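Since the structure comes first, as structure tokens, the remarks are kept for the end.
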Amino acid sequence: MNKIYLDNAATTPLSEEVIDAMVETMKINFGNPSSTHSFGQDAKILIENVRRQVADYLHVTPAEIIFTSCGTESNNMIIKSSVEHLGIERIISSPMEHKCVSESILDMKNRKGVEVAYIRPNEKGDIDLAKLEELLKGSDKKTLVSLMHANNEIGNIVDIKKIAQLCKENNALFHSDTVQTMAHMNLDLSDIPVDFASCSAHKFHGPKGIGFAFIRKASGLKGIITGGPQERSLRAGTENVAGIAGLGKALELSLNNMEAYTQHMQDIKKYTIDRVSAEIPGIKFNGRSAEADNSLYTVVSLLLPYKNPLIGLQLDMKGVAVSQGSACSSGASKPSMVMMMVLSEDEMDNCTPLRVSFSHMTTKEDIDVFVNALKEISKDFVIENTNVEHR
């Protein structure tokens, strides 16, 4: 069976060039970067070159890039250290954040007594910036705002620059989970006054187990993993040299080909929307995922007009890999918090969400296989819910 992979928001296949770069690094740069001899210093030089490469992309200084194991670790470090070391007493966020953000915030609420305020999104998944401004002006407590740049399930993109400016005007710190947009969009953090951001290399054809945190210079943030001076004492532990080399090569490929990759995925996304709209009567799209603007080009969120919790398994048996939500909650029996925010009660009871996500490797032939498989499965259901009210 020729398998089709359409779950790139969860992870992406490694590029061959990335694998080659990592293998070469494991063969040659095996020294411990903290060692003072030439083997260690060669590895250290490789790390610093990639750090400078990341910093150049974001238009920040190399000292503001801290390598971590992934976006989850970066988000945990930023949120928890902000409370522990920066005196944050209040966090403003959204119910639609990734679990590594939402659970870190709840941990700080439960263990440290941090006040938490949530901005409930509208039925399209949009964040009300007027409400954010109202919340920022409504308290003198030292505040951290944590809002993701693009939603990992429905693809909605927030105005990260406007949010950062609102935070700056109201003396609040701003953290953004940028895992879904890093290396997919041009991000100039010299122009966007965000204080903290996060990245996972495996979202842009790099290896798993490596990412980074952007930490604005002079923020005062301290590490939560201690035991060594690595990463400017913000993240103790011997560095993942091969992973960092893979991240650097994946970033290089993404930036060098960003225009072509973007155009290709935009075309694939439109083709997907057109095909499923034509073949599946009553299908709808969640959030703004079917819109060209304010929507991540890598993701489209479908709402099938029938209830079928086994849809993901059935598609997998036909050789098509998709997701019914975030990879971190795809095994849960309940709908994700994102779906609970954007779907009506009728839709929750009678419809099925499905996330399809693309990479530059996705072809129209892949989409044809997916749509044909979905159409075949849909024949087994009497589609009676085409008039279900979308909130």
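Note that our numbering has the sequence shown beginning at 1116, numbered continuously upward. Glycine residues also receive a C-beta, built at the ideal position from the N, C-alpha and C atoms. It should be emphasised that the depicted structure is a prediction, and the values quoted were computed from it without experimental measurement.
Inter-residue Cα distance where the pair is residue i and residue j
i, j, result
"K1159", "S1149", "7 Å"
"E1228", "V1435", "According to the sequence shown, residue 1228 is Gly rather than Glu. Looking at the two C-alpha atoms, the distance is approximately 45 Å."
"T1353", "F1145", "12 Å"
"L1469", "V1133", "30 Å"
"R1347", "N1164", "16 Å"
"D1483", "I1269", "22 Å"
"A1312", "M1263", "9 Å"
"K1239", "E1204", "30 Å"
"P1322", "L1362", "7 Å"
"S1153", "R1235", "54 Å"
"P1128", "L1336", "33 Å"
"F1496", "E1460", "20 Å"
"T1199", "I1330", "Correcting the residue identity first, residue 1199 is Glu in this sequence and not Thr. Cα-Cα distance, rounded: 15 Å."
"I1180", "T1126", "22 Å"
"L1251", "T1258", "8 Å"
"V1169", "G1397", "44 Å"
"P1424", "N1237", "25 Å"
C-beta neighbour in chain D for residue i, strict 9 Å
i, result
"L1304", "Of the protein chains in the structure, only one exists, and it is not chain D."
CB contact flag (residue i, residue j, <9 Å)
i, j, result
"A1298", "A1365", "yes"
"N1465", "K1399", "no"
"I1340", "M1192", "yes"
"A1407", "K1385", "yes"
"S1197", "H1290", "yes"
"K1276", "D1243", "no"
"F1410", "N1271", "Per the sequence shown, residue 1410 should be read as Ser rather than Phe. For S1410 and N1271, yes; Cβs fall inside 9 Å."
"S1451", "H1320", "no"
"V1437", "L1161", "no"
"Q1429", "I1383", "no"
"K1318", "Q1345", "no"
"M1380", "S1474", "yes"
"S1334", "L1221", "no"
Given residue i as reference, the closest of the options once Cα atoms are compared
i, options, result
"C1215", "F1182, K1257, N1267", "N1267"
"M1116", "D1495, D1481, M1455", "D1481"
"A1328", "S1472, R1350, N1372", "R1350"
"D1255", "T1140, A1287, P1177, A1265", "A1287"
"Q1378", "M1476, E1346, S1438, M1454", "M1476"
"V1231", "L1244, S1261, N1237", "S1261"
"E1248", "L1336, G1326, S1208", "S1208"
"G1186", "H1200, K1142, H1213, V1486", "H1213"
"L1417", "A1407, M1454, K1449", "M1454"
"I1194", "I1206, M1211, K1276", "I1206"
"N1190", "S1315, P1450, K1224", "S1315"
"M1300", "A1265, R1403, K1252", "A1265"
"K1510", "I1426, M1463, S1438, S1474", "This structure does not reach residue 1510, given that the chain is present from 1116 up to 1506, and the question cannot be answered."
"D1171", "N1147, K1224, D1303", "D1303"
"I1119", "A1375, E1491, K1479", "K1479"
"I1278", "D1310, N1237, G1253", "D1310"
"L1079", "R1390, N1401, K1449, S1474", "No statement about residue 1079 is possible, as the shown extent of the chain runs from 1116 to 1506 and does not include it."
For residue j and residue i, believed in contact at Cβ under 8 Å, the rounded distance
i, j, result
"A1124", "T1413", "6 Å"
"L1419", "I1395", "7 Å"
"V1356", "T1140", "6 Å"
"M1211", "M1456", "6 Å"
"A1178", "K1332", "6 Å"
Runs of beta strand (DSSP E) wholly within the stretch 1214 to 1255 (minimum 3 residues, chain order): 1230 to 1233
Any beta strand (DSSP E) of 3 or more consecutive residues that is wholly inside the stretch 1369 to 1441: 1414 to 1419
3 or more residues per run - each beta strand (DSSP E) lying fully within the stretch 1318 to 1342: 1326 to 1330
Within the stretch 1457 to 1505, ranges of the beta strand (DSSP E) (whole runs, at least 3 residues): 1467 to 1472
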